[in-house]
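Chains P and C are the protein sequences, given in the same order.
Each residue of the first sequence is one higher than the one before, counting from 1 in the numbering used here.
Each residue of the second sequence is one higher than the one before, counting from 270 in the numbering used here.
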Amino acid sequence: MIVFFGIPNLYMLFISFMQVGGYGGIVYHFTLANYHLLFHWIEFKVIVDSLIFSVIVTAVCLVVAYPFAYIIATSPARRKLILLFLVIVPFWTSSLIRTFALMFLISTEGFINSVLLDFHIIHQPLNMLYTLGATYLGQFYSMLPYMILPLYASLQGVMDHPEYMEASRDLGAGASKTFWRVVAPLTIPGIATGSLLVFIPTLGTFFIPLLMGGGGVVLVGNFIESQFLAADNWPFGAAASALVIVITLLLIGFSSRYMNNAFLEEGNA
Amino acid sequence: MATMAARPRRQSLSNLWIQQTILILVLSFLYVPIIVLIIFSFNTSYLSALWTGFTFEWYRVLLQEPTLLHSLVISVEVGIIQTVISTILGTLGGIALHRYNFWGKKALIYFLYVPIVIPEIVMAVSLLIYLPHIGVPLGVPAMVIGHTTFTIPYVVLVVRASMAGFDTTLEEAARDLGASELQTLWRVTVPVILPGIIVGALLSFSQSFDDFTTSFFLDGSGNTPLPVQIYGMLRHGVNPSVNALSTVIVLATLAIVFVGQREQRKRAQTL
């Protein structure tokens, strides 16, 4: 019996050693790295930029995904199944390939420019790829399903109890009041889970800014990558990674108050 | 008090209109890029993104590309090895987490999610520092370990969900009939939750196969897996054989998701 929970236990211990070993080693050898990181405004700005980027992407995802998830949750069974399938496919499709699909659409010789030029709507190709806007678009495109699914799970939970909404209506609340005072508060766990699932990968994103931003957009992921692979300054990169971990854990700690344990205990992703 | 009787839910026409518009907008946003990509993988023109004619040329080019085939082999190799490991460990872990209560269980569950909750790049660079340090060479072994860290949680999730619908009296019956702990596990528990295990394995494989970030840091030299290879091609500009390759991968993903969903539904129906 011990074997059955001993194995994952040991495995997790193993993971913990990886992280502790990794960071422990770095901190041990180069204590100045963190100091360095915090003192240089340029590096600090990268972190601030990444945080702003992640907040905006998360907010836009939430605003777009919520009505969509609501529609799925209130759809008849068969339609719901099809809609869910249509969200799950991009969820599982390589985000590298989905990013490439966007590049193909908006690049200078891409589909949109070719069509617009061909119909003489424009005479010069629009410069859409390799901009900050394209980076936002790419990240948003990549993360949207991660917001829709937890929101859907949460909304479905509410819809499974129509008596809540009936009670609210019976007490004289209108549709919008019922939504804001009953449905929305009940879906806070879904909002928290979805926001985390979008915010955290966005904070660490690095190939989307590279491909869509064309090197002009540098977020903390790009910074870490360049410190490890180009500049070969591992301690510096590790210090930035440690900072990202701290931010992530703080966020998880903060939002776990709002998340129902379903995400951790059963998982709804 | 008569007004308290069930009031018919009014679904006004304009409301329906807004709903349809949102559905169409979001779904086309999700799908138009992918569909355009697929269509143009059959386009004859190398340079233009205008339709010039139908061809399978780019698929033929793909098959003749030795570096791509090599990358495919690497991806499949890493995918299969790590799927076997993560499925076995994840299944045992999922069963154990469902069945036993033990000290630190909650902490263990939180811990289990660390690799999928921490940004992937951070996990990848920590493995890049640590694995060579303990003697695991970069390349296939490092990628297998790296992928396993984030695929195990998915297997555990799915298996735990299957266990939730599992009738434990079956196990008790097996024990009463004299089966050992291991026999019960192998002959009773595993066959019953097999659909869940299969779904977990499929998810695990597709996550590994699609992974870019972890592989990018851990692949060493000469072991470039497919996504990293594609990334290299993308950095050199758009090229129709990438469209073809992407189409193949998207269709494979579609097939995996379809099978996975069907298995899950079948399971839901039999319970």
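Cβ atoms here follow ideal geometry from the backbone N, Cα and C, with glycine treated the same way.
Small disclaimer: the values here were computed from a predicted structure and weren't measured.
Check: Applying a beta-carbon distance threshold of less than 8 Å, which residues of chain P neighbour F309(C)?
Finding: For the purposes of this step, residue 309(C) is taken as the residue at position 40 of the second sequence. The contacting residues are F104 and F111.
Checklist line | Cβ-Cβ distance between S107(P) and L129(P) below 7 Å | finding: The count along the first sequence starts at 1 and reaches residue 107(P) at position 107. The count along the first sequence starts at 1 and reaches residue 129(P) at position 129. Yes, Cβ-Cβ distance for S107(P) and L129(P) is below 7 Å.
Margin query: List, in chain order, every chain C residue whose beta-carbon is nearer than 7 Å to that of L203(P).
Written below: On the first sequence, position 203 is the one that residue 203(P) refers to. Those are P388, listed as they occur along chain C.
Notebook entry, point to check: Fully enclosed by the region 447-504 of chain C, which alpha helix (DSSP H) runs are 4 residues long or longer?
Noted result: 450-453, 459-479, 482-487 and 495-504
Item checked: Cβ-based burial, T187(P) [other Cβ within 10 Å; buried from 16] -> Within the first sequence, residue 187(P) is the residue found at index 187, counting from 1. Buried.
Next item on the list: Figure out for me which residue from N222(P), H161(P), G253(P) and G138(P) has the closest Cα to the Cα of T193(P).
Entry: To locate residue 193(P), count along the first sequence from 1; it is residue 193. When each option's Cα is compared against that of T193(P), the closest is G253(P).
Next item on the list: Give the residues of chain P in contact with Q288(C), contact being defined as C-beta atoms less than 7 Å apart.
Entry: Reading the second sequence from its first residue, position 19 is the one you call residue 288(C). Per Cβ cutoff of 7 Å: I71.
Next item on the list: Could you tell me if N370(C) is buried or exposed, where buried requires 16 or more neighbouring beta carbons within 10 angstroms of its beta carbon?
Entry: Along the second sequence, read from residue 1 onward, the residue named residue 370(C) stands at position 101. The residue is exposed, with fewer than 16 neighbouring Cβ atoms inside 10 Å.
Next item on the list: Using only alpha-carbon positions, find the residue among L397(C), I525(C), I307(C) and R534(C) that is nearest to G489(C).
Entry: Taking the second sequence and counting its residues from 1, the one referred to as residue 489(C) is at position 220. Cα-wise, what sits closest to G489(C) is L397(C).
Check: Are W327(C) and P509(C) touching if we call contact CB-CB under 7 Å?
Finding: Taking the first residue of the second sequence as position 1, residue 327(C) is located at position 58. Taking the first residue of the second sequence as position 1, residue 509(C) is located at position 240. In contact: W327(C) and P509(C) (Cβ atoms closer than 7 Å).
Check: Does D515(C) get closer than 7 Å to chain P when you measure Cβ to Cβ?
Finding: As a first step, residue 515(C) is located in the second sequence; it is residue number 246 there, counting from the start. According to the sequence shown, residue 515(C) is Ser rather than Asp. Yes, its Cβ sits closer than 7 Å to a Cβ of chain P.
Check: Which chain P residues sit within Cβ distance under 7 Å of D479(C)?
Finding: Within the second sequence, residue 479(C) is the residue found at index 210, counting from 1. What D479(C) touches in chain P: S94.
Check: What residues in the region 46-67 of chain P bring their beta carbon closer than 9 Å to a beta carbon of chain C?
Finding: V64, A65 and P67
Margin query: What does the alpha-carbon distance come out to for the pair L102(P) and S94(P)?
Written below: For the purposes of this step, residue 102(P) is taken as the residue at position 102 of the first sequence. For the purposes of this step, residue 94(P) is taken as the residue at position 94 of the first sequence. Near 13 Å, if we compare the C-alpha coordinates of S94(P) and L102(P).
Check: Which residues in chain P sit within 9 Å of T352(C), going by Cβ to Cβ distance?
Finding: Against the second sequence, residue 352(C) aligns to sequence position 83. Per Cβ cutoff of 9 Å: no residues; T352(C) is ~15 Å from chain P at best.
Item checked: Outcome for N492(C) when other beta-carbon atoms lying within 10 angstroms are tallied against a minimum of 16 -> Here residue 492(C) corresponds to residue number 223 of the second sequence, with the count starting at 1. It is buried - the Cβ of N492(C) has at least 16 other Cβ atoms within 10 Å.
Checklist line | Where S241(P) meets chain C, residues with beta-carbon distance less than 8 Å | finding: Along the first sequence, one-based indexing puts residue 241(P) at 241. Per Cβ cutoff of 8 Å: I390, V391, V394 and S395.
Check: For the alpha helix (DSSP H) that L288(P) lies in, which residues bound it at each end?
Finding: Shown here, chain P extends from 1 to 269; a query on residue 288(P) therefore has no answer.
Check: Taking the C-alpha atoms as reference points, what is the distance between M143(P) and L463(C)?
Finding: Start at 1 with the first residue of the first sequence, and residue 143(P) comes out as number 143. Start at 1 with the first residue of the second sequence, and residue 463(C) comes out as number 194. Going by the C-alpha atoms only, they are around 31 Å apart.
Item checked: Opposing strand residues paired with N312(C) [DSSP bridges] -> To locate residue 312(C), count along the second sequence from 1; it is residue 43. DSSP lists F323(C) as partners of N312(C).
Next item on the list: Say whether chain C places a C-beta atom closer than 7 Å to the C-beta of T248(P).
Entry: By one-based count along the first sequence, residue 248(P) stands at place 248. So, interface residue.
Margin query: Output needed in chain order: residues of the region 517-534 of chain C with a Cβ under 9 Å from some Cβ in chain P.
Written below: I518, V519, T522, L523, I525, V526, F527, G529, Q530 and R534
Next item on the list: Count the CB pairs spanning the region 375-391 of chain C and the region 415-432 of chain C that are closer than 8 Å, and state whether there are at least three.
Entry: yes
Note to self: Does the CB of S226(P) have a neighbour CB from chain C at under 7 Å?
What the structure shows: Counting from 1 along the first sequence, the entry for residue 226(P) is found at position 226. Not closer than 7 Å to any Cβ of chain C, the Cβ of S226(P) fails to qualify, so no.
Item checked: Residue-level contact to chain P via CB, I226(C), 7 Å cutoff -> For chain C, the structure presents residues 270 to 540; residue 226(C) sits outside this window and is missing.
Check: When the Cα of E109(P) is compared with those of S314(C), L381(C), R329(C) and V428(C), which residue comes out closest?
Finding: In the first sequence, residue 109(P) corresponds to position 109, counting from 1. Answer by Cα proximity: S314(C).
Item checked: From A376(C), H505(C), V391(C) and V342(C), residue whose alpha carbon lies closest to that of G214(P) -> For this step, residue 214(P) is matched to residue 214 along the first sequence. Cα-wise, what sits closest to G214(P) is H505(C).
Next item on the list: Go ahead and pull the three-state DSSP assignment for T290(C).
Entry: As a working mapping, residue 290(C) is identified with position 21 in the second sequence. Helix at T290(C).
Next item on the list: Go ahead and pull the three-state DSSP assignment for W372(C).
Entry: Here residue 372(C) refers to the residue found at position 103 when the second sequence is read from its first residue. Reduced to three states, the DSSP call for W372(C) is coil.
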